[in-house]
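Everything below concerns the one structure shown next.
2 protein chains.
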Amino acid sequence: MNNSEISEQGKLTIVGTGPGTDQLLAPAAKQALLEADSVIGYKTYVDLIRHILPESCDIQAYGMRQEVERSRAAAALALEGKKVCIVSGGDAGVFSIAGPVLEVISEEDLEKLNLSIIPGITSALSSAALLGAPLIHDFAVISLSDLLTPTELIEKRLSLAAEGDFVVVLYNPASKKRTELIKKCAQIMIEAGRKDTPVGIVRHGFRADQNVTVTTVSEMLNHDIDMNTTVVIGNSRTYRKGRFMVTPRGYAL
Amino acid sequence: MNNSEISEQGKLTIVGTGPGTDQLLAPAAKQALLEADSVIGYKTYVDLIRHILPESCDIQAYGMRQEVERSRAAAALALEGKKVCIVSGGDAGVFSIAGPVLEVISEEDLEKLNLSIIPGITSALSSAALLGAPLIHDFAVISLSDLLTPTELIEKRLSLAAEGDFVVVLYNPASKKRTELIKKCAQIMIEAGRKDTPVGIVRHGFRADQNVTVTTVSEMLNHDIDMNTTVVIGNSRTYRKGRFMVTPRGYAL
Chain A
148 MNNSEISEQG
158 KLTIVGTGPG
168 TDQLLAPAAK
178 QALLEADSVI
188 GYKTYVDLIR
198 HILPESCDIQ
208 AYGMRQEVER
218 SRAAAALALE
228 GKKVCIVSGG
238 DAGVFSIAGP
248 VLEVISEEDL
258 EKLNLSIIPG
268 ITSALSSAAL
278 LGAPLIHDFA
288 VISLSDLLTP
298 TELIEKRLSL
308 AAEGDFVVVL
318 YNPASKKRTE
328 LIKKCAQIMI
338 EAGRKDTPVG
348 IVRHGFRADQ
358 NVTVTTVSEM
368 LNHDIDMNTT
378 VVIGNSRTYR
388 KGRFMVTPRG
398 YAL
Chain B
148 MNNSEISEQG
158 KLTIVGTGPG
168 TDQLLAPAAK
178 QALLEADSVI
188 GYKTYVDLIR
198 HILPESCDIQ
208 AYGMRQEVER
218 SRAAAALALE
228 GKKVCIVSGG
238 DAGVFSIAGP
248 VLEVISEEDL
258 EKLNLSIIPG
268 ITSALSSAAL
278 LGAPLIHDFA
288 VISLSDLLTP
298 TELIEKRLSL
308 AAEGDFVVVL
318 YNPASKKRTE
328 LIKKCAQIMI
338 EAGRKDTPVG
348 IVRHGFRADQ
358 NVTVTTVSEM
368 LNHDIDMNTT
378 VVIGNSRTYR
388 KGRFMVTPRG
398 YAL
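From first to last, the protein sequence lines are chains A and B.
To convert, take the position in the first sequence, counting from 1, and add 147; that gives this note's numbering.
To convert, take the position in the second sequence, counting from 1, and add 147; that gives this note's numbering.
Set out below in structure tokens:
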């Protein structure tokens with residue numbers, strides 16, 4: 148490839164920006180953002196990184212539920228030769244924008260694009276770090292959003308996770324309109340004998356207005372749970388120690 | 148708290164160092180390492196960060212399977228007033244050292260310690276970023292190490308994860324001595340009708356000797372799978388696109 152071809156080639160980078168503090172933004176992610184001609188993303192996540200973007204950067208902040216539009220816009224700009232970052236909070240590969248981006252790009256365009264994905268710290272991990280050590284044994288990560296997934300499949304997965312005594316991490320646990328599945332989840336866990344199991348609820352982990360609560364399955368619905376919350380339900384052996392929840396691995400102590 | 152008390156207080160920080168490249172080490176993790184009097188960890192992970200540690204740092208590199216000893220040593224030093232980092236590759240909270248550390252510290256000592264946990268990019272995320280977008284729907288993370296977990300429980304969880312059509316991420320998939328469970332896993336997935344399901348195998352992701360393969364369940368055992376490998380098995384809808392695997396979320400395209 149000669150220099151003129153390099154200078155004309157666009158680049159699409161899918162960037163996970165982590166929990167929302169510069170202290171947990173990977174250097175690779177920061178570098179990609181600093182070099183971008185355009186940064187595209189959901190407004191909330193774009194706002195969390197806006198202060199590090201250069202003045203020359205074309206910033207495109209979208210509303211909710213425009214994942215497909217955002218993905219097409221990012222791919223089109225990169226195919227025109229721009230350096231484009233499409234961003235997501237946490238890790239773009241966990242229930243997030245890396246999916247629709249790869250879905251909308253044709254295989255032919257994919258070969259033309261210089262596509263790379265930079266992983267980020269997803270909220271299962273940031274929440275677990277604030278809660279102690281809940282993810283030391285097998286765990287299932289389940290989204291309670293039924294916008295694109297049948298309710299029956301979500302309930303089935305919750306039941307199987309309970310049967311397998313997995314630690315369970317819930318993404319999108321509830322919204323103003325969606326309040327039933329989190330109740331159903333609590334019911335499934337109680338029926339599986341886990342009413343006293345520790346549950347961690349983390350809102351805006353590692354941001355200024357962070358809120359961390361450790362409660363139990365039977366009490367969890369008495370706490371605020373919304374779209375900005377991650378819920379971590381321990382397995383049958385998870386216990387509390389001080390302000391933390393701990394899932395033992397089985398070491399002889 | 149007055150200054151003399153501050154100067155005497157130790158600090159224990161549990162640090163996830165990510166995949167093993169400075170480009171994916173969080174600034175918060177780097178800062179904690181730079182300020183540490185002592186850094187303790189499994190040799191492989193200590194070696195990956197040794198170049199950024201100051202000369203004055205007391206470095207304690209341990210062999211395998213000494214998690215409890217490492218944890219006790221770190222806690223003891225911090226209680227003596229040292230600034231201590233105990234490190235793990237990836238995220239210390241996923242099947243790793245955050246567990247034994249919290250298990251061995253008494254509740255009384257825990258209150259004395261200035262304990263914090265810095266999350267890192269675990270191999271499920273770094274592997275997924277290299278594989279495309281496999282984790283866009285519900286997934287289960289399962290360790291195939293039966294050193295501390297009954298084989299029957301691991302097999303049960305694999306079967307339930309297959310029944311629930313979870314994407315499955317395998318940690319510690321095989322070692323020189325442990326080769327049976329990965330075979331059993333392939334068999335469980337084939338019996339669940341997933342022989343053609345894409346499988347990603349990532350070794351040393353984001354390091355110089357990185358190796359990324361996309362294959363299928365029926366072919367996966369023909370590839371090298373060892374303790375340095377992470378295996379990502381798609382769900383029934385996961386497909387290949389170019390060099391990537393994609394799990395669709397269900398958007399109307």
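Heads up, the beta-carbon is just placed ideally off N, CA and C, and yes, glycines get one too.
Verify whether the separation of the beta carbon atoms of residue i and residue j is less than 9 Å.
{"i": "Ile264(A)", "j": "Lys388(B)", "result": "no"}
{"i": "Leu260(A)", "j": "Gly352(A)", "result": "no"}
{"i": "Asp293(A)", "j": "Leu317(A)", "result": "no"}
{"i": "Lys250(A)", "j": "Arg396(B)", "result": "It should be noted that the sequence gives Glu, not Lys, for residue 250(A). Yes, these two residues count as a Cβ contact at 9 Å."}
{"i": "Gln334(A)", "j": "Ala173(B)", "result": "no"}
{"i": "Val364(B)", "j": "Thr394(B)", "result": "no"}
{"i": "Val231(A)", "j": "Ser203(A)", "result": "no"}
{"i": "Leu226(B)", "j": "Gly157(B)", "result": "yes"}
{"i": "Gly237(A)", "j": "Ser270(A)", "result": "yes"}
{"i": "Leu262(A)", "j": "Thr160(A)", "result": "yes"}
Residue i: buried (16+ other C-beta within 10 angstroms of its C-beta) or exposed?
{"i": "Glu254(A)", "result": "exposed"}
{"i": "Arg304(A)", "result": "buried"}
{"i": "Asp356(A)", "result": "exposed"}
{"i": "Ala399(A)", "result": "exposed"}
{"i": "Arg217(A)", "result": "buried"}
{"i": "Ser243(B)", "result": "buried"}
{"i": "His284(A)", "result": "buried"}
{"i": "Asp194(A)", "result": "exposed"}
{"i": "Met148(A)", "result": "Residue confidence is low: Met148(A) scores 42 on pLDDT, short of 50, so the model does not pin down where it sits. No coordinate-derived value is stated."}
{"i": "Thr191(A)", "result": "exposed"}
{"i": "Ile153(B)", "result": "For Ile153(B), the predicted model reports a pLDDT of 44, less than 50, meaning its position is unreliable and no value from the coordinates is stated."}
{"i": "Asn369(A)", "result": "exposed"}
{"i": "Met336(B)", "result": "buried"}
{"i": "Pro320(A)", "result": "buried"}
{"i": "Tyr189(A)", "result": "buried"}
Nearest to residue i by alpha carbon, out of the options?
{"i": "Ile187(B)", "options": "Gln213(B), Val361(B), Glu250(B)", "result": "Gln213(B)"}
{"i": "Ile289(A)", "options": "Arg384(A), His351(A), Ala309(A), Val215(A)", "result": "Ala309(A)"}
{"i": "Val162(B)", "options": "Ala245(B), Val359(B), Ile301(B)", "result": "Ala245(B)"}
{"i": "Leu282(A)", "options": "Gly311(B), Ala271(B), Leu307(B), Gly240(B)", "result": "Gly240(B)"}
{"i": "Ala183(A)", "options": "Ser292(A), Phe391(A), Ile196(A)", "result": "Ile196(A)"}
{"i": "Gly311(A)", "options": "Val314(B), Gln207(B), Glu299(B)", "result": "Glu299(B)"}
{"i": "Val361(A)", "options": "Ile380(A), Gly267(A), Ser273(A), Arg354(A)", "result": "Ile380(A)"}
{"i": "Thr376(A)", "options": "His198(A), Gly279(A), Leu291(A)", "result": "Leu291(A)"}
{"i": "Arg354(A)", "options": "Pro166(A), Lys330(A), Ser235(A)", "result": "Pro166(A)"}
{"i": "Ser322(A)", "options": "Leu307(A), Asp373(A), Leu272(A), Ser273(A)", "result": "Asp373(A)"}
{"i": "Ala223(B)", "options": "Val248(B), Gly267(B), Gly347(B)", "result": "Val248(B)"}
Check the Cβ of residue i against every Cβ in chain A and list those closer than 8 Å, keeping chain order.
{"i": "Gly397(B)", "result": "Leu295, Thr296"}
{"i": "Ile196(B)", "result": "The contacting residues do not exist; Ile196(B) stays about 14 Å from chain A at best."}
{"i": "Ile289(B)", "result": "Asp285"}
For residue i, report the span of its beta strand (DSSP E) as first-last.
{"i": "Pro345(A)", "result": "345 to 350"}
{"i": "Asp205(A)", "result": "205 to 209"}
{"i": "Thr164(A)", "result": "Careful: Thr164(A) lies outside any beta strand (DSSP E) and carries neither H nor E."}
{"i": "Ile289(A)", "result": "286 to 290"}
{"i": "Val186(A)", "result": "185 to 189"}
{"i": "Val241(B)", "result": "Element bounds for Val241(B): n/a, residue is neither H nor E."}
{"i": "Val361(A)", "result": "358 to 363"}
{"i": "Leu262(B)", "result": "262 to 265"}
Output, in chain order, the set of chain B residues within a Cβ distance shorter than 7 Å of residue i.
{"i": "Arg304(A)", "result": "Asp285, Gly311, Phe313"}
{"i": "Gln170(A)", "result": "Ala173, Pro174, Ala175"}
{"i": "Leu180(A)", "result": "Within chain B, no residue comes near Leu180(A); the closest Cβ sits about 13 Å away, beyond 7 Å."}
{"i": "Val254(A)", "result": "Checking the sequence shown, residue 254(A) turns out to be Glu, not Val. Within chain B, the residues near Glu254(A) are Lys388, Gly389."}
{"i": "Leu307(A)", "result": "Leu307, Glu310, Gly311"}
Which residues mark the beginning and the end of the alpha helix (DSSP H) in which residue i is found?
{"i": "Lys230(A)", "result": "Looking at the DSSP string, Lys230(A) is not in any alpha helix (DSSP H); the run it does join, the beta strand (DSSP E), is 230 to 235."}
{"i": "Lys388(B)", "result": "Run containing Lys388(B): none in the alpha helix (DSSP H); it sits in the beta strand (DSSP E), 386 to 388."}
{"i": "Asp256(A)", "result": "254 to 259"}
{"i": "Met336(B)", "result": "327 to 338"}
{"i": "Ser270(A)", "result": "270 to 278"}
{"i": "Tyr398(B)", "result": "Per DSSP, Tyr398(B) belongs to no alpha helix (DSSP H) and is neither H nor E."}
{"i": "Thr298(B)", "result": "298 to 310"}
{"i": "Leu402(A)", "result": "The structure shown has nothing for residue 402(A), since chain A only spans 148 to 400."}
List, in order along the chain, the chain A residues whose C-beta lies closer than 7 Å to that of residue i?
{"i": "Ile264(B)", "result": "Ala276"}
{"i": "Thr269(B)", "result": "Leu272"}
{"i": "Ala280(B)", "result": "Gly240, Ala245, Gly246, Leu249"}
{"i": "Leu226(B)", "result": "In chain order: nothing, as chain A lies at least about 15 Å away."}
{"i": "Glu258(B)", "result": "Gly389"}
Mind pulling the chain B residues with CB within less than 9 Å of residue i?
{"i": "Thr394(A)", "result": "Gly246"}
Cβ of residue i versus every heavy atom of the ligand GTP: is any distance shorter than 8 Å?
{"i": "Val231(A)", "result": "Of the ligands one can find in the structure shown there are none, so the ligand GTP has no counterpart to examine."}
Strictly below 8 Å CB to CB, what residues from chain B border residue i?
{"i": "Val215(A)", "result": "Tyr398, Ala399, Leu400"}
Give a yes or no on whether the minimum CB-CB distance between residue i and chain C is below 9 Å.
{"i": "Leu300(B)", "result": "Of the protein chains in this structure, namely A and B, none is chain C."}
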